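Written below as structure tokens is the structure these notes are about.
Protein chains in written order, with our numbering: chain Y, 629 to 1217; chain E, 629 to 1217.
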């Protein structure tokens, strides 16, 4: 919802004031809106766009070289008045006439039409063009009734780039008509925005459902369906748009298209990228060549949750205009003044294979494992069983670990530990399958844990497993004292890495007494299982001791000065793991 | 909440795939993240940034010329692993060494530190720098413990611009340290984000409250306060940051600062502009010169509702680096290849007076009113009373009108009518005070209604009042027949403007029979009040008749083909108004 405002009635005016204050390099305020801050060459057609407030970057954010010459800015979701449009257009006019452009809504059609009449009466040659790209708002036989949504941008840009090239008014209008005729959009929504000062959203969609065929002012959609996965959403958007090609195209294969995946406000960038990944692949499969795609927020509706896909089917001329540079507050494109090696302007193609380049986050192919003794390979089986037990206990306690972590941290300890321990077990199993010794199994598990878990716990657990692996090696039989020595080194590594000491209320409070108890028990001659059992009991008691009121150290964790009432999440998970490993040792005894 | 995903565990990887597919002009994927698509000049220091996913544009969106050379991308809200960072840095390295930069979180500190060690061990000179700008996360005496939030951007950019200039590694590091030491941020939040696959947000704030001192991963703030107005929020942000200047500054007056007002995800652009309007004014009052401000989403947390303010206190060198061009997927700055008149690079100053330039949406100063007869001036008093009655009845029915409109439209009919009728009454009162006749009072009211209401209803009501004003004029006594003639002309104007006819289920269905009834009654010789009474009764019946199932016309209103059950909002408001005007006529009889 929209929360930050002063007087709701003044919202649109105050937003425009703040916008111009922040962007005076690009725009200057005039009655009714903004025009470019710099002069327009005499005789150039002025492209003046406009519409209601609440759709930023539309419309004021699209004023600047290569884009609009001015924008008339109405109240929230309301067309600017004819007088406002007239005022902006008169200020933007540079002697070449005016093209008024806007989304196809009844109010805008009326006011821009009235403004055009007034401008013409004053001797300023004026044409109008309403963008009507939303295919859900009327059938193909009534395409003149369609609303304008994110297709505003490519149509505005085509006409403005043509004006920038010095074309006369009639030709700029023809470019707008051609771009408009080849631009289609379709969207889905999950919730409407709440206007400044209102106490409820313009519309709601039941949980786990979506509205199909969004409007950017809270207009109801044309249907409702279950919430899709990102890939299903991409398929719906692409397939719907591919059903209605411009009449002169026999099919999508071999065609080029400008592609805009537009977020309406609170469907955010990472979600848009996940959807775009599939959009690009599907268009690639259909043989469509994607030109300069845009994935982001271009036409919004405050914090509405929705996403739309726009395709502009390009010919050579439209492609040139779509690729042309632009420099507006919210849309910048084109070469810097000192072109570099990445400025070659090569077309970006999408051929399915190419667009969904798999990102090799798993790292390079697993290298062969070093030679190992039979004894170490047998020990590796026990290590693998222990790592299996670790992954299981972490998985079954992940929610609890998250809740404990949320008391003083960001609540993701359980998620990270689950990712790390699962990946560690998988990497260990692969190494074991390849005949690795205990040391290599542990070091592979260490890398996988750190890679997949990320965060602090990932680094610390990576260093624990690595220290253990180094201590065990791939040749010797890992007896109890060697294991205890490895745990002692792991304890030292964690302290060095994390900078924490006993008493700081971290996992070090558990790891140090555990290591000490294990070393003492093995020094007494206890076998590994018995020694580990005793040390694990020590660990559990120590974890409970982290639950009191004292501050805890650690960089960038400033909010821990409170009574936790529960043990530290890292300490608690370590204690759980020591107990689980004991179970695995007993089984493999 | 985050709704569009496939497997939540694959979210970060799939987002990165989609991101690279959309931005191959700028970046190419490598294990662990992305690097610039183009080559870096040999010997240039490589600035490699990184952190968890979920903060776009941080971090992958900030890779490109003038900004980072590579970004290591971790899982959702988790540091990338040392191996991932190492992989990205090795790919980005161009022989000049590597500066690793990241926000100051324990996990990032660990993993980037480990990666630096590995790079150094391979002979790649490497330094690290953690941004710690969030002043709410630790006191000034513990500033090394602070978290990194939106201050990442100016600090990354300073170092990267220095690298682009060819400075050696130690000097690039010194730039990072100087920029980091002079960058402070502070934020407020209203709700946390909901991670992909999670069923609840990371944190919640009670309604009408805000958390002070936000963290970008859902870390709890340092306090809770009542929800502020936009101006109050601006004051809190500015005053908090001005309390902690760099030690070498004796006060803010005369200092220059880069200013970033950052939205966390669902505090949207218009809200940010309303807040920025006051931020700029307050900084101006304090004597701070604002340099190249940024108002938008630079470091996010999915759809978290929050906003933060960042100030980087500039010296000449830091200003040069902040102003330097950049061309990254989500941050572009600098001249196009063909500089135009708006590319002069003049500093943007903020001096209170200057930043909050009042946008003159009210239009030019009211011109003097034309001469009017005494009779017409007396009639103007009745017109004014009628407009007062109109504004009152609309105000008291605005919510009802909105609900009716929401059945088939966007629900803003009540808001628009209230804005229009209020402005019309105010303009009429001013004209009346200046001695205007009935015609001028009506035409001034007409302009104000159209300007302030916007939308379709604004245009139509503007044309109704204008037609009436023209019919009444400023000289003659407006008798019943003249009024009826004006209403008939208003009816014709509305049909011409809106393109609707009787039966289309719009206000025309009411206006036409009203005008006809009024004309018939006055032809019978009824006085105005009696004639108007009869016509208003006709209007009320006609409005009810718009509530049935037939389709209604009108451009870009495709969703009206449904049983409304309630009258059309525009028809209903017209009927209400005719009745209210009758009351005013009776009073002034």
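By construction, the Cβ of each residue, glycine as well, lies at the ideal position given by its N, Cα and C atoms.
No experiment lies behind these values; they were computed from the predicted model shown.
Using CA atoms only, rank isn't needed, just tell me which of E:948, E:925, E:1060 and E:930 is closest to residue 919 of chain E. The residue labelled residue 919 of chain E in the question sits at position 291 within the second chain. Looking at the Cα atoms, E:948 is the closest of the given residues.
Residue 711 of chain E CB to nearest chain Y CB: under 8 Å? If you number the second chain from 1, residue 711 of chain E lands on position 83. By this cut-off, residue 711 of chain E is an interface position.
Can you give, in chain order, each stretch of the alpha helix (DSSP H) that sits fully within the segment 818-891 of chain E and has at least 4 residues? 858-870
Extent of the continuous alpha helix (DSSP H) run through residue 917 of chain Y: If you number the first chain from 1, residue 917 of chain Y lands on position 289. Run containing residue 917 of chain Y: none in the alpha helix (DSSP H); it sits in the beta strand (DSSP E), 917-924.
Whole-angstrom distance between residue 888 of chain Y and residue 1111 of chain E, CA atom to CA atom: Numbered from its first residue, the second chain carries residue 1111 of chain E at position 483. Numbered from its first residue, the first chain carries residue 888 of chain Y at position 260. Going from the Cα of residue 1111 of chain E to the Cα of residue 888 of chain Y covers about 53 Å.
Quick one: is residue 921 of chain Y near chain E, going by C-beta distance under 8 Å? For the purposes of this step, residue 921 of chain Y is identified with residue 293 of the first chain, where counting begins at 1. Closer than 8 Å: yes.
Going along the chain, which residues of the segment 673-694 of chain E sit with their C-beta nearer than 8 Å to a C-beta in chain Y? 680, 681, 682, 684, 685, 689, 692, 693 and 694
Identify each residue in the segment 883-907 of chain Y for which the Cβ-Cβ distance to at least one residue of chain E is less than 7 Å, and report them in chain order. 893, 894, 895, 896, 897, 898, 899, 901, 902, 903, 904 and 905
Inspect the beta-carbon positions of residue 724 of chain Y and residue 672 of chain Y and report whether they are closer than 8 Å. By one-based count along the first chain, residue 724 of chain Y stands at place 96. By one-based count along the first chain, residue 672 of chain Y stands at place 44. Yes, the pair counts as a contact, with Cβ atoms nearer than the cut-off.
Within the 8 Å Cβ cut-off, does residue 630 of chain E reach chain Y? Stepping through the second chain from its first residue, residue 630 of chain E is reached at position 2. Taking Cβ atoms only, chain Y reaches closer than 8 Å to residue 630 of chain E, which makes this a yes.
Residues of chain E with a CB under 7 Å from the CB of residue 1093 of chain Y: which are they? Position 465 of the first chain, counted from the first residue, corresponds to residue 1093 of chain Y. Within 7 Å Cβ-Cβ: nothing; residue 1093 of chain Y doesn't reach chain E, min ~13 Å.
Give me the subset of the segment 747-760 of chain Y whose CB atoms are less than 9 Å from a CB atom of chain E, sorted by chain position. 758 and 760
How would you call residue 794 of chain Y, buried or exposed, if buried means at least 16 neighbouring beta carbons within 10 angstroms? Against the first chain, residue 794 of chain Y aligns to sequence position 166. Result: exposed.
DSSP puts residue 960 of chain Y in a beta bridge; with which residues? In the first chain, the residue the question calls residue 960 of chain Y occupies position 332. Its beta-bridge partners are Y:955.
Using the C-alpha atoms, what's the distance from residue 651 of chain Y back to residue 1092 of chain Y? Here residue 1092 of chain Y is taken as the residue at index 464 of the first chain, counted from 1. Here residue 651 of chain Y is taken as the residue at index 23 of the first chain, counted from 1. Looking at the two C-alpha atoms, the distance is approximately 52 Å.
When the distance is taken between beta carbons, is residue 1095 of chain E closer than 8 Å to residue 1117 of chain E? Residue mapping note: residue 1117 of chain E aligns to position 489 of the second chain, counting from 1. Residue mapping note: residue 1095 of chain E aligns to position 467 of the second chain, counting from 1. Yes, they are a contact pair.
Touch check for the segment 843-863 of chain Y and the segment 902-919 of chain Y: three-plus C-beta pairs under 8 Å? yes
Looking at residue 1146 of chain Y: is its Cβ nearer than 8 Å to the Cβ of residue 1115 of chain Y? Position 518 of the first chain, counted from the first residue, corresponds to residue 1146 of chain Y. Position 487 of the first chain, counted from the first residue, corresponds to residue 1115 of chain Y. Yes; because the gap between Cβ atoms is below 8 Å, this pair is in contact.
Short of 8 Å Cβ to Cβ, which residues in the segment 1068-1098 of chain E face chain Y? 1075, 1078, 1079, 1080, 1081, 1082, 1083, 1084, 1085, 1086, 1087, 1088 and 1090
Closer than 7 Å between beta carbons: that is the criterion. Which residues of the segment 811-828 of chain E meet it against chain Y? 818
Mind listing the chain E neighbours of residue 855 of chain Y? Cutoff is C-beta to C-beta under 7 Å, in chain order. Position 227 of the first chain, counted from the first residue, corresponds to residue 855 of chain Y. Within 7 Å Cβ-Cβ: 631.
Verify the CB distance criterion: does residue 1001 of chain E have a CB-CB separation below 8 Å to chain Y? Position 373 of the second chain, counted from the start, is the residue given in the question as residue 1001 of chain E. No, its Cβ sits nowhere closer than 8 Å to a Cβ of chain Y.
Is the separation between the beta-carbon of residue 648 of chain Y and that of residue 662 of chain Y shorter than 8 Å? Within the first chain, residue 648 of chain Y is the residue found at index 20, counting from 1. Within the first chain, residue 662 of chain Y is the residue found at index 34, counting from 1. It is a contact, given that the beta carbons lie within the stated cut-off.
Any idea if residue 788 of chain E is buried or exposed, counting beta-carbon neighbours within 10 angstroms, 16 or more meaning buried? In the second chain, the residue the question calls residue 788 of chain E occupies position 160. Burial call: buried.
Which of helix, strand or coil does DSSP assign to residue 904 of chain E? Residue 904 of chain E sits at position 276 when you count from the first residue of the second chain. Helix, per DSSP.
Tell me, to the nearest whole angstrom, how far the beta carbon of residue 1234 of chain E is from that of residue 1054 of chain E; I am working on the premise that it is less than 8 Å. In the structure displayed, chain E extends from 629 to 1217; residue 1234 of chain E sits before or after that span and is not available.
State the Cα-Cα distance for the pair residue 633 of chain Y and residue 818 of chain E, rounded to the nearest angstrom. Stepping through the first chain from its first residue, residue 633 of chain Y is reached at position 5. Stepping through the second chain from its first residue, residue 818 of chain E is reached at position 190. Whole-angstrom Cα-Cα distance: 14 Å.
Closest residue to residue 1051 of chain Y among Y:1015, Y:1060 and Y:1062 (Cα-Cα distance): Taking the first chain and counting its residues from 1, one reaches residue 1051 of chain Y at position 423. Cα-wise, what sits closest to residue 1051 of chain Y is Y:1015.
Helix, strand or coil for residue 677 of chain E? Go by DSSP, reduced to three states. As a working note, residue 677 of chain E is residue 49 in the second chain. DSSP places residue 677 of chain E in strand when its eight states are reduced to three.
Hey, would you say residue 955 of chain E sits closer than 8 Å to residue 711 of chain Y, going by beta carbons? The residue you call residue 955 of chain E lines up with position 327 of the second chain. The residue you call residue 711 of chain Y lines up with position 83 of the first chain. Cβ distance not < 8 Å, so residue 955 of chain E and residue 711 of chain Y don't count as in contact.
Counting Cβ pairs, one atom from each stretch, are 3 or more of them under 8 Å apart for the segment 1162-1177 of chain Y and the segment 1127-1144 of chain Y? yes
Got a sec? Which residues, its chain only, sit under 6 Å from residue 834 of chain E by beta carbon, not counting five neighbours each side? Start at 1 with the first residue of the second chain, and residue 834 of chain E comes out as number 206. Taken in chain order, the list of residues that qualify is empty.
Own chain residues within Cβ distance below 6 Å of residue 666 of chain E, not counting five before or after: Position 38 of the second chain, counted from the first residue, corresponds to residue 666 of chain E. The answer is none, since no qualifying residue turns up.
Taking only beta-carbon atoms, is residue 1040 of chain Y less than 8 Å away from chain E? Along the first chain, read from residue 1 onward, the residue named residue 1040 of chain Y stands at position 412. It does: the Cβ of residue 1040 of chain Y has a partner Cβ on chain E nearer than 8 Å.
Counting Cβ pairs, one atom from each stretch, are 3 or more of them under 8 Å apart for the segment 1058-1067 of chain E and the segment 998-1017 of chain E? yes
DSSP state of residue 932 of chain E, grouped into three classes? Within the second chain, residue 932 of chain E is the residue found at index 304, counting from 1. Three-state result, residue 932 of chain E: strand.
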